[in-house]
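Only one structure is covered here, and it is reproduced in the block below.
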DNA sequence: CTAAATTTGTTTCATATGTAACAATCAAAA
DNA sequence: TTTTGATTGTTACATATGAAACAAATTTAG
């Protein structure tokens, strides 16, 4: 028998494709929110969101919680620091570590964007319908359970 | 009442994040297949897959079917042409258009990779379980229906 | 205690990406 | 017909990305 199948692969039904396509569609829309309202890049938004959620963190932990490469975190932190949306402070016991936390203005902007983010997600839920929205979330949770143990 | 909510946004349960996270997890794994077995980049794989599925196409159509920016398509086509995996031919009636099709070797490699792709997806289905896999697909289809009319 | 190994975060460098400008060609309008 | 306006695909340029090298600090081994 043949080693190769003649049936072509349908890209529009192939999970790695449909998944990245859907992610791009949603990310592109959501990006307009933090871009238009705050002039943030995606790494900057994620850093802000992670600090807003967890409070004080190190750069390494921000990367772990938001699935970002350490160079992305490093650059986003620099940028947010220049805007005075976050503050650094060196650890007393281990001077390699810097504790990062939002400033008052950082917090204020975080709350504003978090609110817009919730509204965005609610709108998405409406568009997709309760059922599809739940199914999508359950499916994504399954992916996270099975593949999420990777470094990134 | 307050304009802002004090409840932080949980990034790990926020759809734009979980979706792009899952897409990256899956894409990263699948990428090892076309990288290791054929030394292809993602745009190159998608171009190959689209031509393999549809036969002869123009660059614009490849972009439409695979959600790729025209510069990505242009570069991927150049690269695949250099490998002699695809062939160009100018349209008789409209000399702006180039018809692109896989060479015999391109076809051969397409079939091999398509087979590996199917196996990869089957493995994913096993890992996630029938139910989660279906839910994920239905959820992604809903996203495509609602947001898929965008240019990209 | 000293040396080797590890951790943290930054920077360098090469690559990947998309916007915008472009050349070539064709279509539509005047 | 001329000329104005799209369309197709490539290229130039500026930005984004990550691997690898790195400095500084800490930890572990011997």
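Protein chains in written order, with this note's numbering: chain A, 6 to 157; chain B, 6 to 157. Ideal placement from N, C-alpha and C gives every residue a C-beta, glycine not left out. Please read these numbers as outputs of a predicted model, since none were measured by experiment.
With a threshold of 6 Å on Cβ separation, who are the neighbours of residue i within its own chain once the five nearest residues in sequence on each side are excluded?
i                      : result
residue 81 of chain B  : 48, 49 and 52
residue 95 of chain B  : 103
residue 78 of chain A  : 64, 67 and 68
residue 111 of chain A : 90 and 91
Have a look at the options and flag the residue whose alpha-carbon is nearest the alpha-carbon of residue i.
i                      : options                     : result
residue 23 of chain A  : B:145, B:152 and B:151      : B:145
residue 128 of chain A : B:151, B:112 and B:119      : B:151
residue 37 of chain B  : A:21, A:57, A:33 and A:119  : A:21
residue 86 of chain A  : A:59, A:107 and A:73        : A:107
residue 62 of chain B  : B:76, B:73 and B:93         : B:93
residue 39 of chain B  : B:136, B:88, B:99 and B:117 : B:117
residue 135 of chain B : A:143, A:99, A:12 and A:98  : A:143
For the beta strand (DSSP E) holding residue i, just list the boundary residues, first then last.
i                      : result
residue 100 of chain A : From DSSP, residue 100 of chain A is part of no beta strand (DSSP E); its letter is neither H nor E.
residue 72 of chain A  : Run containing residue 72 of chain A: none; DSSP gives neither H nor E here.
residue 93 of chain A  : 91-95
Residues of chain A with CB under 8 Å from residue i, in chain order?
i                     : result
residue 32 of chain B : 21, 24 and 25
Which stretch, first to last residue, makes up the alpha helix (DSSP H) that contains residue i?
i                      : result
residue 133 of chain B : 109-133
residue 26 of chain A  : 20-43
residue 52 of chain B  : 47-59
Taking Cβ positions, are residue i and residue j nearer each other than 9 Å?
i                      : j                      : result
residue 140 of chain B : residue 147 of chain A : yes
residue 46 of chain B  : residue 84 of chain B  : yes
residue 149 of chain A : residue 122 of chain B : no
residue 125 of chain A : residue 34 of chain A  : yes
residue 153 of chain A : residue 30 of chain B  : yes
residue 32 of chain A  : residue 25 of chain B  : yes
Along chain A, which residues have their Cβ under 7 Å away from the Cβ of residue i?
i                      : result
residue 71 of chain B  : 16
residue 158 of chain B : The requested residue 158 of chain B does not occur in the structure, where chain B is confined to residues 6 to 157.
residue 43 of chain B  : Going along chain A, no residue has its Cβ under 7 Å from residue 43 of chain B, so there is no contact; the nearest lies around 14 Å.
residue 5 of chain B   : Shown here, chain B extends from 6 to 157; a query on residue 5 of chain B therefore has no answer.
In chain B, what lies closer than 7 Å to residue i by C-beta?
i                      : result
residue 143 of chain A : 137 and 140
residue 128 of chain A : By Cβ distance, chain B contributes nothing, its closest Cβ being about 10 Å from residue 128 of chain A, past 7 Å.
residue 64 of chain A  : By Cβ distance, chain B contributes nothing, its closest Cβ being about 16 Å from residue 64 of chain A, past 7 Å.
In chain B, what lies closer than 8 Å to residue i by C-beta?
i                      : result
residue 57 of chain A  : 13 and 14
residue 134 of chain A : 147
Only counting the same chain, and skipping five residues up and downstream in sequence, which positions put a Cβ closer than 8 Å to that of residue i?
i                      : result
residue 119 of chain B : 54 and 57
residue 114 of chain B : 43, 53 and 90
residue 133 of chain B : 141
residue 60 of chain A  : 106
residue 73 of chain A  : 48, 51, 52, 67 and 81
Given that residue i touches chain A, what residues does it touch there, using C-beta distances under 9 Å?
i                      : result
residue 149 of chain B : 17, 23, 26, 27 and 30
Listing by chain order, which chain B residues have their CB less than 9 Å from the CB of residue i?
i                      : result
residue 153 of chain A : 26, 27 and 30
residue 54 of chain A  : 13, 14, 16, 19 and 22
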